[in-house]
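What follows is a set of notes on a single structure, which appears directly below.
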Amino acid sequence: MVEFREYARSSDDRLDLLTGALLIARDAHPGLDFEAQRARLEELARPLCDRGLSALPPTVQARVLSDYLYVVCGFHGAKADYYEPRNSFLNEVLERRTGIPITLAVVYIEVARRVGVDARGVGFPGHFLVRLGAPPGSPAAERNEPVIVDPFHAGRLLDENALQQLLRQAKVRAPLSAEMLEPAPNRHVVARMLMNLRGIYTQRGDGPRLLLTLDRLIDLLPALSSELLERAKLYESLGAPGAALADYQRYLAQEPGGADSELARGAVARLAKKSVRN
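Numbering (our numbering), first residue to last: 39 to 316.
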């Protein structure tokens with residue numbers, strides 16, 4: 039059984055998106071059967087396998103996939119209970135057929151991959167999207183413009199006006215750019231899933247689950263300094279001064295001149311003094 043830390047140490051080109059999503063789900067469902075979830079996706083994709091989608095233009099691929107997943111299969115965005123943690127766990131999204139943009143995107147991408155369609159996640163500001171089409175820079179990409187799909191709103195195809203509207207909704211002042219629509223590495227997709235859960239657990243005051251989520255984030259992206267500082271403070275609040283001290287020291291090693299370096303130095307001095315007294 040693969041462990042998250044082992045998974046996080048994999049090279050980027052070997053980091054599987056589905057495995058990452060299932061590892062996150064397993065934190066809430068310790069007995070989760072990964073093979074059963076893979077089989078569920080295979081079954082979900084089967085009706086499209088003989089449609090010859092790989093030979094069609096990205097626009098047609100997107101319309102067929104969106105119609106199948108959202109109209110035929112009933113997947114939909116979780117608008118009423120958006121911040122329910124279950125919407126971040128892929129097994130529950132597959133079971134309940136509802137989720138947030140990023141988990142619905144994972145379903146879309148994994149089904150597309152199984153029927154020969156190149157689909158990738160896009161970490162668009164404020165709203166996770168899916169991009170269909172050949173990888174940037176490839177000969178096929180020059181023949182067909184990529185298509186951008188909104189996995190939360192019934193897989194609708196987004197034109198430039200719709201993308202600009204999403205930017206306005208996210209209160210992003212920067213103009214729409216090609217970089218905003220670049221495919222996100224799987225590592226960053228999994229990290230964004232964890233950041234969603236981090237926000238939910240912070241809002242709910244669920245310290246133990248927040249701690250586990252921060253552990254996962256730091257394993258996945260060790261250079262994250264703000265999360266390291268957040269975990270140090272959380273360790274203190276949970277009564278683990280030794281672990282807090284180690285994180286404050288690690289933060290200072292990474293960010294000796296960071297905005298919160300004085301705060302961290304003060305915490306190190308305070309906790310070290312307490313350790314000597316004890």
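C-beta atoms are modelled at their ideal positions from N, C-alpha and C, and glycine is treated no differently.
On the three-pair Cβ rule with 8 Å, is the stretch 246-259 touching the stretch 267-284?
Using a Cβ-Cβ distance cut-off of 8 Å, the stretch 246-259 and the stretch 267-284 are in contact, since at least three pairs of beta carbons, one from each stretch, lie closer than that value.
In chain order, what residues of the same chain lie with their CB nearer than 7 Å to the CB of Tyr239, ignoring the 5 residues before and after it?
Residue mapping note: residue 239 aligns to position 201 of the sequence shown, counting from 1. Arg247, Leu248, Thr251, listed in sequence order.
Can the beta-carbon of Ala63 be found less than 7 Å from the beta-carbon of Asn125?
Position 25 of the sequence shown holds residue 63. Position 87 of the sequence shown holds residue 125. Their beta carbons are not under 7 Å apart, which means Ala63 does not touch Asn125 by this criterion.
Indicate the three-state DSSP secondary structure (helix, strand or coil) for Leu167 in the structure shown.
Within the sequence shown, residue 167 is the residue found at index 129, counting from 1. Note: Leu167 maps to strand in three-state DSSP.
Taking the alpha helix (DSSP H) that Ala46 belongs to, which residues open and close that run?
For the purposes of this step, residue 46 is taken as the residue at position 8 of the sequence shown. Taken as a continuous stretch (DSSP letters only), the alpha helix (DSSP H) holding Ala46 covers 42-46.
How should Ala74 be labelled, buried or exposed, when 16 other C-beta atoms within 10 angstroms of its C-beta is the threshold for buried?
What you label residue 74 is simply residue 36 of the sequence shown in a count that begins at 1. By the neighbour-count rule (16 or more Cβ atoms within 10 Å), Ala74 is not buried but exposed.
Just grab the DSSP bridge partners of Ile62 for me.
Locating residue 62 in the sequence shown gives position 24, counting from the first residue. Paired residues: none, contrary to the question.
Spell out a yes or no on whether the stretch 151-164 and the stretch 213-233 are touching, meaning 3 or more CB-CB pairs, one atom from each, closer than 8 Å.
yes
In the DSSP assignment, find the beta strand (DSSP E) that holds Arg211 and state where it starts and stops.
Your numbering for residue 211 matches position 173 in the sequence shown. Taken as a continuous stretch (DSSP letters only), Arg211 belongs to no beta strand (DSSP E), as it is neither H nor E.
According to DSSP, what are the bridge partners of Arg135?
Here the question's residue 135 lines up with position 97 in the sequence shown. According to DSSP, which records beta bridges pairwise, Arg135 is partnered with nothing at all.
How many Å lie between Val110 and Leu290 at the Cα?
In the sequence shown, counting from the first residue as 1, residue 110 sits at position 72. In the sequence shown, counting from the first residue as 1, residue 290 sits at position 252. For Val110 and Leu290, the distance between alpha carbons rounds to 53 Å.
Thinking just about the alpha-carbon of each residue, which of Tyr286, Arg242, Ala281 is nearest to the one in Ser263?
What you label residue 263 is simply residue 225 of the sequence shown in a count that begins at 1. Nearest in C-alpha terms to Ser263, of all of Tyr286, Arg242, Ala281, is Tyr286.
Leaving out five residues on either side along the sequence, give the residues of the same chain with a beta carbon under 6 Å from the beta carbon of Ala302.
Here residue 302 is taken as the residue at index 264 of the sequence shown, counted from 1. The residues are Tyr286, Tyr289, Leu290.
I need the straight-line Cα distance from Phe345 to Leu266, nearest angstrom please.
The question about residue 345 has no answer, for the chain in this structure spans 39 to 316.
Identify which residue in Gln207, Gly296, Gly295, Ala284 has its Cα closest to the Cα of Ala307.
Here residue 307 refers to the residue found at position 269 of the sequence shown. That would be Ala284, whose Cα lies nearest to the Cα of Ala307.
Use the C-beta contact count for Tyr106: other C-beta atoms within 10 angstroms, 16 or more gives buried, fewer gives exposed.
Within the sequence shown, residue 106 is the residue found at index 68, counting from 1. Buried: at least 16 other Cβ atoms inside 10 Å.
Considering only C-alpha positions, which residue in the set Leu258, Ala270, Val168, Gly193 is nearest to Ser49?
Numbered from its first residue, the sequence shown carries residue 49 at position 11. In terms of CA proximity to Ser49, Leu258 leads the group Leu258, Ala270, Val168, Gly193.
For Leu55, which residues of its own chain have a beta-carbon under 8 Å away from its beta-carbon, when the five flanking residues on both sides are left out?
By one-based count along the sequence shown, residue 55 stands at place 17. Val144, Ile147, Glu148, Gly159, Asn224, Val227, Val228.
Using C-beta distances below 6 Å, list every residue in its chain close to Ala66, excluding the 5 sequence neighbours before and after it, in chain order.
By 1-based counting over the sequence shown, the position of residue 66 is 28. Around Ala66: Phe127.
Check for me: the beta strand (DSSP E) holding Val185 runs from which residue to which?
For the purposes of this step, residue 185 is identified with residue 147 of the sequence shown, where counting begins at 1. Counting along the chain, the beta strand (DSSP E) containing Val185 begins and ends at 185-188.
Quick check: what's the CA-CA separation for Leu142 versus Ala310?
Residue 142 sits at position 104 when you count from the first residue of the sequence shown. Residue 310 sits at position 272 when you count from the first residue of the sequence shown. If you take the alpha carbons of Leu142 and Ala310, they lie about 46 Å apart.
Using the beta-carbon count (16 or more within 10 Å), is Leu268 buried or exposed?
As a working note, residue 268 is residue 230 in the sequence shown. Correcting the residue identity first, residue 268 is Glu in this sequence and not Leu. Buried.
Measure the Cβ-Cβ separation of Ala100 and Leu204 and say whether it is below 7 Å.
Stepping through the sequence shown from its first residue, residue 100 is reached at position 62. Stepping through the sequence shown from its first residue, residue 204 is reached at position 166. No, the Cβ-Cβ distance between Ala100 and Leu204 is not below 7 Å.
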